[in-house]
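Novice: Chains A and B supply the protein sequences, listed in that same order. Mapped onto UniProt numbering, the consecutive letters of the first sequence carry residue numbers 1 to 248. Mapped onto UniProt numbering, the consecutive letters of the second sequence carry residue numbers 1 to 939.
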Amino acid sequence: MKRILLLILLLSAFPTIAQKLEGVVTYDRTQDYVKIMSRMSFLSLDQKERMKATNKNYSSRPTQMVLYFNEDQSLYTNADEYWRSEDGRWSYRNSDYTIRRDFKQETKSDVIEMLGKTYIIEDSLPTPKWKILNQLKDIAGHICMKAETEDPVKEQKVVAWFAQDIPVSAGPEQYYGLPGLILELDLNDGDVVVTATKIELRDVAKELTANKKIKGKKIKTSDYDKIVKDHIQSSMKAQENPYWSIRY
Amino acid sequence: MKNLLLLLLLLAGCSTAFAQSPRFTIRGSIADTNKAVLPGATVMLLTPKDSALVNFGRTNDKGAFEFRNVKRAPYILKVSYVGFLPLQKEVDPGDGDVTDLGTLEIKPIQKELLEVVVKTARAPLSIRGDTIEYNASSFKVPAGSTVEELLKRLPGVQVDQDGNIKAQGEDVKKVTVDGKTFFGTDPKLATKNLPAEAIDKIQIFNDKTEAAKTTGIDDGKREKAVNLALKESHKRGGFGKVTAGAGTKDRFQLRGNYNRFNTKEQMSVLGFGNNINQTGLSWDDYQDFRGSQSFNWEDQGDFGFYSGGMYFFGGDDGMGVPLTGGYSSNRGFSRNYAGGANYNYDTKKTKLSSNYFYNQTGQTLSSTSNKQTFLPEGTFVTISGNSQGSFTRNHRGSARYEQQLDSLNTLVLIGNLRANSGNNAQFSNQNFYRAADTSQTNLDNRNNFNGLQLATTAIFRHKFLKKGRNFAASVAFNLNDSDGTAKQRSTNTFFTDSTGAGPTVVRINQDVTNSSLRTELKSSLHYIEPLTKTMFWETFYNFSLRNDKVDRDVFDLTDQGAVRNRNLSRYYTNDYTYNRVGTVLRYSDKGFNISGGLAGVWYKLAGRFASDQSATTFTNVSRQYFTVAPNFSGNYRLKNKSMGLYYNVNIQQPQTSQLQPGVVDNSNPRFIQEGNPGLLPSLTHNLNGSFSSFNPGNFVNYYLSLNYGYNINQIVYNQTIDENLITTSRPENISGGTRVGSYLNFGFPLKKTKATLNLGSSLNFNKNPIYINTVLNDTRSDNYNFRVNLDLTLFDKFTLYPYFNWGITDTRYSINSSQNQKIYNHNYGGAMNIQFPGGIFFNGQMNYQIYKLKNERFPFTQKLPILNLAVYKQFLKDNKAEVRLTAYDVFNKNRGITQQAYQNFVQKEEVQTLAQYFMLSVSYNVRGLKSQMRQNNGW
């Protein structure tokens, strides 16, 4: 709906702005396990505080993610298929996570590996309900404005910082739909922070159209939401952290 | 839905003919303060209620924008453009079809402000209506500055000589701290007194006048106000907990700790006292005590193969705070007191931790044992009764300092000191039976000891600019000084009357003084070179110089006074030099992590000994040893599976006491321990394979591991037993011992999240060679273990964890197959938790042990039911307090019985220990107590 309005707006009122805007953003995705564990309702305050105090001096290493975008499409995925430790002693395969968006067709095609399975979610594209706030911040040399929404399934507070000067709707993880490219995403006050480290404007038609065949179970957005919701509920009931086996 | 909306849209378009259409159009244009149009500005339409984004667009090349056919409602129009302050404009829908907002001017962001925002990347600048928020960390001020200095640096803020503040040209009338007035109304009080480093954010805004606030009538006047938001680090916290309990049979326990902390510092004190055999801290208490310094993973200065497998001299055993997991020991009765204090200071660059800990344990132990020893020519039985009283105390101090010198260099300094002392008194009655041949020994030994241990390490780590290239060096100095005296009294009666003169009686009446000093200087180097993104080459070098100096003087107390026993007295020094050079090649990619390496180990011992340090002639001992130790580790990780294969050679140096020439310990005259200066390091080839799988979808998991070990120069205690049944044991090297083992676990949910079944087995087959009276005996011990565990959490208020363990050990002796035996050890039991109404909880733990020994001579069966129960109630806000009634060993059956089958003997020992008692305890925890309905499943 909003897309259509925008489309009408763009097509009718401002036919002159037709500058081609495309490129690739590299993000650092940092997950704060201690903060996430602190949200587990089955832990007592004593346990949470002890865990925080013990782990005070440790921080998790970020995982690199990439976002290819143009005005109509975006593709967000792991920068490297494998995670590697800095000292070269460990590597393991990152779970498949490919988020494909088509703003023009209003469709999505996501590959998400979770709970030991690979799911392919192909559906129409719902837009998050964003609120625009009055804060400015610089991320990777771009002045960004703050926007907020929430994830009704995972019950997360989502803060996005979108660039004023890159007018595309794309964004990291499964978020998009702001007047500018999302350069930073903050889930639940720092539990997970995805920050752009490098923005490169170049031709990415090849990356956007590349179609790697991945086998998986085809489901709809509503099925995906239900799987996630059920898993969170049953894990919490079994007093286990649900986010060991699904993405935060 | 989309079509419907389109339809609505079309309808909206068609319905313009009506008086007031439900849709309207908003248009306008954007310009800067110099009336220059701004093309490409972002224009957003928000709802006034919650700033929800309804629509957005961008201005065209004329700076114009238009939102067509939007729902007729009030909006907020928000304009954002790089370099300009965002503009908000309320849009009144009016009655017309088009609302033209005309030209909207946006103001540029002050240049300094923009630079602050741009340069200090992580600092958001908030513009909330009238409020501008600054992040204090964006403005550098010298250490120790006041808030005034900080304010002077803010764009648009001036502070005059008297400290009066002006913001955007207006006087600041009020300064608040976290929204509260700071000591009166003079704004300068806060700005001149508060340290700048305490401030997180500075908010400058227009506040209603005091008059308006008190009268409640808004006079429309606004005055500038500043709010200072304090940093989290300057918010302090404290917590503590205490438990006190008293029980039947004079049982008691006391435990408490208190902590104070902010983000940089943590100070804690802890103490406990009890007579329920708890000698150390639980994990929770330990973590509360040590805080951020509980675990330091990189403090090992002996660099080597990553997978470990290399034992290096020394070790800091017993140097740290005693940590027993809070379990009660099952031997004797002990009364324990301990207490200490810990201080941590942590910043990103500097981490400092220091603590002091004292503990003492007084223990009484009385035991009986029945032991059968096999000799090539027969067996004999020893029945003994023992009673022992001991007291030990330890003072421990430790400090650790870590400094990040710069982004590439880190220095870690660690120092641990322990001073211990104690005494021990032992009375024992031992009866030996072999056919008609019997003898008896009664002994009364007392000793005192004092010791001082010091362990220090310095580690320097350097990262090169080239990613992955690393260098580390370490130096360590350890010292162990111990002194002791002992009184050895015994009467040995041999009833075999071969001469007809009646039983032979041998009395031993000796005083012994022992003093030993060990010093060690170590150093290690480590270098990692990245060959490619996935290949790494590592080199390490270890060096150690160790010196042992031991003086043992034994005096026979005779009618003529103390006479030095030249055979048993000994003075010796040993110098060890140890060198190891190793190299490793590692590959890690696509889930494969493989490393292979080789180390060359060179070891030299130069010792000299005599019966006394004043002796003119010393005997020299010299041993050299060189070996090459390979190492391999490989693992492969798939989606939900992983497998690994590991091979290493474990080299273990002989201990100081094992290398002592002559008699090391004759405190038990029937069991004399000798040393062996000719011992070589023992070498074990270990091979390990594992496979594991976990399916996070259905929670089915299995784990299988196999291991194999082959010993070369294993240090075993060979025994010679003379005709009087006096055993002399001497450590010697022997090769050929093997170990084969497997471990299997299979777990799956019977009903997801409610019932889980775990099945497991471990099978171990060991072969241990030993010489008994110069005859080689191979002891083969086959051990079969099977487990079934159930987690039943069917209801929130009732949980049950039953288990069933079956164990069989089949032991066979090559020198005496008539002694072959089977030991059956089965355990059935479980834990149960119930929550009753009124916040009352019940916990029950049962273990039923069935023990069966099957051999030709001593068949034996024993059944021990041990039941522990607890009822507790939590109360006060957040469950801060708890009353608990515990019944320990309800059936009064706990006997501390152990049964062991070793190389050439089987022994059953029964130690009196804590049995039935009841205890009432009260706990208080500032952070609240948790009712434990479920077993911790390793969240």
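We treat Cβ as the ideally placed atom computed from N, Cα and C, and that holds for glycine. Please read these numbers as outputs of a predicted model, since none were measured by experiment.
Glycine 63 of chain B and leucine 38 of chain B: beta carbons closer than 8 angstroms?
Specialist: Stepping through the second sequence from its first residue, residue 63 of chain B is reached at position 63. Stepping through the second sequence from its first residue, residue 38 of chain B is reached at position 38. Going by C-beta atoms, glycine 63 of chain B is nearer than 8 angstroms to leucine 38 of chain B.
Novice: Between which two residues does the alpha helix (DSSP H) carrying glutamine 287 of chain B extend?
Specialist: Residue mapping note: residue 287 of chain B aligns to position 287 of the second sequence, counting from 1. For glutamine 287 of chain B, the enclosing alpha helix (DSSP H) has its first and last residue at 283 to 290.
Novice: Can you name the start and end residues of the beta strand (DSSP E) that isoleucine 132 of chain A belongs to?
Specialist: Residue 132 of chain A sits at position 132 when you count from the first residue of the first sequence. 131 to 139 is the extent of the beta strand (DSSP E) around isoleucine 132 of chain A.
Novice: Chain B partners of leucine 49 of chain A, CB-CB under 8 angstroms?
Specialist: By 1-based counting over the first sequence, the position of residue 49 of chain A is 49. Rather than leucine, the amino acid found at residue 49 of chain A in this sequence is glutamate. Near glutamate 49 of chain A (Cβ distances below 8 angstroms), the residues of chain B are Phe239 and Arg927.
Novice: Can you find a C-beta in chain B that's less than 8 angstroms from the C-beta of isoleucine 132 of chain A?
Specialist: Along the first sequence, one-based indexing puts residue 132 of chain A at 132. At least one chain B Cβ lies under 8 angstroms of isoleucine 132 of chain A.
Novice: List, in chain order, every chain B residue whose beta-carbon is nearer than 9 angstroms to that of residue 260 of chain A.
Specialist: Past the edges of chain A, shown from 1 to 248, lies residue 260 of chain A, and the structure says nothing about it.
Novice: Which residues does DSSP list as the beta-bridge partners of phenylalanine 592 of chain B?
Specialist: Walking along the second sequence from the start, residue 592 of chain B turns up at place 592. DSSP lists B:Asp589 and B:Tyr636 as partners of phenylalanine 592 of chain B.
Novice: Taking leucine 869 of chain B as the reference, give the member of B:Asn879, B:Thr886, B:Lys877 and B:Lys880 with the closest Cα.
Specialist: As a position in the second sequence, residue 869 of chain B is number 869, starting the count at 1. Considering only alpha carbons, the answer is B:Thr886.
Novice: According to the neighbour-count rule (16 or more other Cβ atoms, all chains shown, within 10 Å of its Cβ), is phenylalanine 303 of chain B buried or exposed?
Specialist: Counting from 1 along the second sequence, the entry for residue 303 of chain B is found at position 303. Buried is the call here.
Novice: Does the beta carbon of leucine 201 of chain A come closer than 8 angstroms to any beta carbon on chain B?
Specialist: Counting from 1 along the first sequence, the entry for residue 201 of chain A is found at position 201. Judged by the 8 angstroms Cβ criterion, leucine 201 of chain A is not in contact with chain B.
Novice: Closest to serine 742 of chain B by CA distance: which of B:Leu763, B:Thr627 and B:Asp285 is it?
Specialist: Within the second sequence, residue 742 of chain B is the residue found at index 742, counting from 1. For the residues B:Leu763, B:Thr627 and B:Asp285, the minimum Cα distance to serine 742 of chain B belongs to B:Leu763.
Novice: Helix, strand or coil: how does DSSP classify asparagine 894 of chain B here?
Specialist: One-based indexing of the second sequence puts residue 894 of chain B at position 894. In this structure, asparagine 894 of chain B counts as coil in the three-state DSSP scheme.
Novice: Within 10 angstroms of the Cβ of asparagine 71 of chain B, are there 16 or more other Cβ atoms? Answer buried if so, exposed if not.
Specialist: Here residue 71 of chain B refers to the residue found at position 71 when the second sequence is read from its first residue. It should be noted that the sequence gives lysine, not asparagine, for residue 71 of chain B. Its Cβ having fewer than 16 others within 10 Å, lysine 71 of chain B is exposed.
Novice: Let me make sure I understand the geometry here. Which of B:Lys639, B:Ser544, B:Thr753 and B:Ser367 has the alpha-carbon closest to that of lysine 604 of chain B?
Specialist: Here residue 604 of chain B corresponds to residue number 604 of the second sequence, with the count starting at 1. When each option's Cα is compared against that of lysine 604 of chain B, the closest is B:Ser544.
Novice: Quick check: what's the CA-CA separation for serine 38 of chain A versus valine 159 of chain A?
Specialist: In the first sequence, counting from the first residue as 1, residue 38 of chain A sits at position 38. In the first sequence, counting from the first residue as 1, residue 159 of chain A sits at position 159. Cα-Cα distance, rounded: 20 angstroms.
Novice: Give the single residue among B:Lys754, B:Tyr576, B:Ile808 and B:Tyr801 whose Cα lies nearest to the Cα of residue 945 of chain B.
Specialist: Since the displayed chain B opens at 1 and closes at 939, residue 945 of chain B lies outside it and no answer follows.
Novice: Using a beta-carbon distance below 8 angstroms, is alanine 238 of chain A in contact with chain B?
Specialist: Within the first sequence, numbered from 1, the residue matching residue 238 of chain A stands at position 238. So, interface residue.
Novice: Distance cutoff 8 angstroms, beta carbons only. Does isoleucine 834 of chain B sit that close to anything in chain A?
Specialist: Position 834 of the second sequence holds residue 834 of chain B. Isoleucine 834 of chain B does not count as touching chain A.
Novice: Mark lysine 56 of chain A as exposed unless 16 or more other C-beta atoms lie within 10 angstroms of its C-beta, in which case mark it buried.
Specialist: For the purposes of this step, residue 56 of chain A is taken as the residue at position 56 of the first sequence. By the neighbour-count rule (16 or more Cβ atoms within 10 Å), lysine 56 of chain A is buried.
Novice: When the cut-off is 8 angstroms and only beta carbons count, does glutamine 266 of chain B lie next to chain A?
Specialist: As a working mapping, residue 266 of chain B is identified with position 266 in the second sequence. Yes, contact with chain A.
Novice: Do you know how far the Cα of phenylalanine 540 of chain B is from the Cα of glycine 315 of chain B?
Specialist: For the purposes of this step, residue 315 of chain B is taken as the residue at position 315 of the second sequence. For the purposes of this step, residue 540 of chain B is taken as the residue at position 540 of the second sequence. Residue confidence is low: glycine 315 of chain B scores 37 on pLDDT, short of 50, so the model does not pin down where it sits. No coordinate-derived value is stated.
Novice: Check the Cβ of lysine 466 of chain B against every Cβ in chain A and list those closer than 7 angstroms, keeping chain order.
Specialist: Here residue 466 of chain B refers to the residue found at position 466 when the second sequence is read from its first residue. The contacting residues do not exist; lysine 466 of chain B stays about 13 angstroms from chain A at best.
Novice: Which residue's Cα is closest to the Cα of leucine 794 of chain B: B:Leu759, B:Asn768 and B:Arg934?
Specialist: Taking the first residue of the second sequence as position 1, residue 794 of chain B is located at position 794. It is B:Arg934.
Novice: Find the residues of chain B that neighbour lysine 129 of chain A, judging by a C-beta separation of less than 8 angstroms, and give them in chain order.
Specialist: Here residue 129 of chain A refers to the residue found at position 129 when the first sequence is read from its first residue. What lysine 129 of chain A touches in chain B: Ala52 and Leu53.
Novice: Roughly how many whole angstroms lie between the Cα atoms of glycine 662 of chain B and glutamate 674 of chain B?
Specialist: Stepping through the second sequence from its first residue, residue 662 of chain B is reached at position 662. Stepping through the second sequence from its first residue, residue 674 of chain B is reached at position 674. So the two alpha carbons sit approximately 5 angstroms from each other.
Novice: Please report the distance separating the alpha-carbon of aspartate 223 of chain A from that of threonine 118 of chain A.
Specialist: As a position in the first sequence, residue 223 of chain A is number 223, starting the count at 1. As a position in the first sequence, residue 118 of chain A is number 118, starting the count at 1. The straight-line gap from Cα to Cα measures roughly 13 angstroms.
Novice: Looking at chain A, is there any beta carbon in it that lies within less than 8 angstroms of the beta carbon of lysine 78 of chain B?
Specialist: Here residue 78 of chain B refers to the residue found at position 78 of the second sequence. Lysine 78 of chain B counts as touching chain A.
Novice: Would you say valine 98 of chain B faces chain A, with C-beta separation under 8 angstroms as the test?
Specialist: For the purposes of this step, residue 98 of chain B is taken as residue 98 along the second sequence, with counting starting at 1. Not an interface residue.
Novice: Going straight from the alpha carbon of arginine 489 of chain B to that of asparagine 855 of chain B, what length do you get?
Specialist: For the purposes of this step, residue 489 of chain B is taken as residue 489 along the second sequence, with counting starting at 1. For the purposes of this step, residue 855 of chain B is taken as residue 855 along the second sequence, with counting starting at 1. Cα to Cα, the separation comes out at about 37 angstroms.
Novice: Would you decide whether phenylalanine 295 of chain B is buried or exposed? Buried here means 16 or more other CB atoms lie within 10 Å of its CB.
Specialist: Translated into positions along the second sequence, residue 295 of chain B becomes position 295. Classification for phenylalanine 295 of chain B: exposed.
Novice: Go through its chain and collect everything with a Cβ distance to glycine 415 of chain B's Cβ below 7 angstroms, but skip five positions before and after it.
Specialist: Translated into positions along the second sequence, residue 415 of chain B becomes position 415. Closer than 7 angstroms at Cβ, skipping near neighbours: Ser398, Ala399 and Thr456.
Novice: Sort A:Pro242, A:Lys35, A:Ser60 and A:Pro62 by Cα distance to residue 306 of chain A and report the nearest one.
Specialist: Past the boundaries of the shown model lies residue 306 of chain A; chain A is included only from 1 to 248, so the question cannot be answered.
Novice: Are the region 377 to 386 of chain B and the region 331 to 350 of chain B in contact at 8 angstroms, needing three or more beta carbon pairs?
Specialist: No, they do not touch.
Novice: Do the CB positions of tyrosine 636 of chain B and glycine 591 of chain B come within less than 8 angstroms of each other?
Specialist: As a first step, residue 636 of chain B is located in the second sequence; it is residue number 636 there, counting from the start. As a first step, residue 591 of chain B is located in the second sequence; it is residue number 591 there, counting from the start. Going by C-beta atoms, tyrosine 636 of chain B is nearer than 8 angstroms to glycine 591 of chain B.
Novice: I'd like the ranges of any beta strand (DSSP E) spanning at least 3 consecutive residues and lying wholly in the region 682 to 749 of chain B.
Specialist: 682 to 694, 701 to 712, 714 to 721 and 727 to 734
Novice: Check whether the region 553 to 567 of chain B touches the region 578 to 589 of chain B, taking contact to mean three or more Cβ pairs, one atom from each stretch, closer than 8 angstroms.
Specialist: Touching, no, given that fewer than three Cβ pairs across the two stretches are closer than 8 angstroms.
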